[in-house]
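**Q** Below are the structure tokens for one structure; questions will follow.
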Amino acid sequence: MTLYDLAAIIAGLVAGLLSGAIGIGGGLVFVPMLTIGFRVTQTVAQGTSLAAIVPTALVGGITHLRQGDANVIAAWWLGGAGVVGAIAGALLAVHLQSGVLARVFGAFYIAAALLLIQRAMATRESEPPAPSS
Amino acid sequence: MIPLLVLWAGLGQRQANATSLVAIIPIGIAAFPIYYFRAGAPQVDIRVALFLVVGSMVGAYLGARALKRIPERQLRIGVAIVMVLVGIKQAVLP
Chain A
380 MTLYDLAAII AGLVAGLLSG AIGIGGGLVF VPMLTIGFRV TQTVAQGTSL
430 AAIVPTALVG GITHLRQGDA NVIAAWWLGG AGVVGAIAGA LLAVHLQSGV
480 LARVFGAFYI AAALLLIQRA MATRESEPPA PSS
Chain B
104 MIPLLVLWAG LGQRQANATS LVAIIPIGIA AFPIYYFRAG APQVDIRVAL
154 FLVVGSMVGA YLGARALKRI PERQLRIGVA IVMVLVGIKQ AVLP
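Protein chains in written order, with the working numbering: chain A, 380 to 512; chain B, 104 to 197.
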């Protein structure tokens with residue numbers, strides 16, 4: 380095992396922590412980590428990230444299900460709609476300029492984040508954390 | 104998905120984060136073969152992927168356990184910060 384492999388394990392650990400706590404698949408973190416930290420090309424970063432997402436989401440998702448954190452009905456709906464969306468998106472993405480799509484998503488993320496911050500400010504400071512099992 | 108669950112479906116931040124990760128499982132499983140078998144040879148650094156997964160599986164478990172202990176407000180701000188960073192990255196370097 381080389382230093383490079385060890386760096387990948389640590390990068391995976393950080394991305395996994397964020398994934399488990401924040402609920403992202405890991406791709407949002409894996410791709411920039413790989414292109415900036417590991418100097419791989421964007422295409423290889425996306426392919427490698429995609430390969431790493433499924434096991435990461437399985438471990439995090441099953442842990443959430445066992446803890447009873449997730450809304451199972453909402454997850455079914457989201458997952459089902461997401462499967463349809465992913466297939467449509469993959470077929471559509473071929474015909475779109477990727478830069479345009481990325482900018483639209485970027486703007487969407489920023490707008491949604493601002494709304495979330497506004498909600499956070501409205502959340503009472505005294506709200507207790509969930510009881511641990 | 105997370106902003107959708109919180110802002111539109113009205114879920115708490117903790118439940119939204121957990122639900123989103125569960126929903127990613129079928130999406131990831133469905134998307135994976137499409138990306139892999141449609142666009143020619145799959146571009147994957149298998150060695151990096153393997154070591155990433157070793158770390159990320161441990162991290163995902165610990166992160167999921169930690170979610171219970173983080174207060175709702177801090178969690179929401181944390182999610183927003185990650186989204187702003189990703190949004191800026193997407194908008195500037197698509």
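All C-beta atoms in this analysis are idealised placements derived from N, C-alpha and C, irrespective of residue type, glycine included.
On the CB-based measure, 16 or more other CB atoms within 10 Å of its CB, does Tyr488 of chain A come out buried or exposed?
**A** buried
**Q** With a cut-off of 8 angstroms on the beta carbons, I'd call Ala424 of chain A and Thr414 of chain A a contact; round off their distance for me.
**A** 5 angstroms
**Q** Are the CB atoms of Leu170 of chain B and Ala453 of chain A nearer to each other than 8 angstroms?
**A** no
**Q** Please report how far the alpha carbon of Ala467 of chain A lies from the alpha carbon of Lys192 of chain B, in whole angstroms.
**A** 24 angstroms
**Q** Against chain A, does Phe140 of chain B count as a neighbour if the rule is that its beta carbon must be under 8 angstroms from one of theirs?
**A** Cβ-Cβ to chain A under 8 angstroms: no for Phe140 of chain B.
**Q** Return the CA-CA distance between Trp111 of chain B and Ala387 of chain A, expressed in angstroms with no decimal places.
**A** 37 angstroms
**Q** Have a look at Gly131 of chain B and Ile432 of chain A and give me their C-alpha separation to the nearest angstrom.
**A** 7 angstroms
**Q** Give me the chain B residues within the contact set of Leu444 of chain A, using Cβ-Cβ distance strictly less than 9 angstroms, ordered along the chain.
**A** Ala121 and Val125
**Q** Applying the 10 Å Cβ sphere with the 16-neighbour rule, what's the burial state of Pro136 of chain B?
**A** exposed
**Q** When you compare only the Cα positions, how much space is there between Tyr139 of chain B and Ala133 of chain B?
**A** 11 angstroms
**Q** Please confirm if Gly166 of chain B has its CB atom under 8 angstroms from at least one CB of chain A.
**A** yes
**Q** So for Thr381 of chain A, helix, strand or coil by DSSP?
**A** coil
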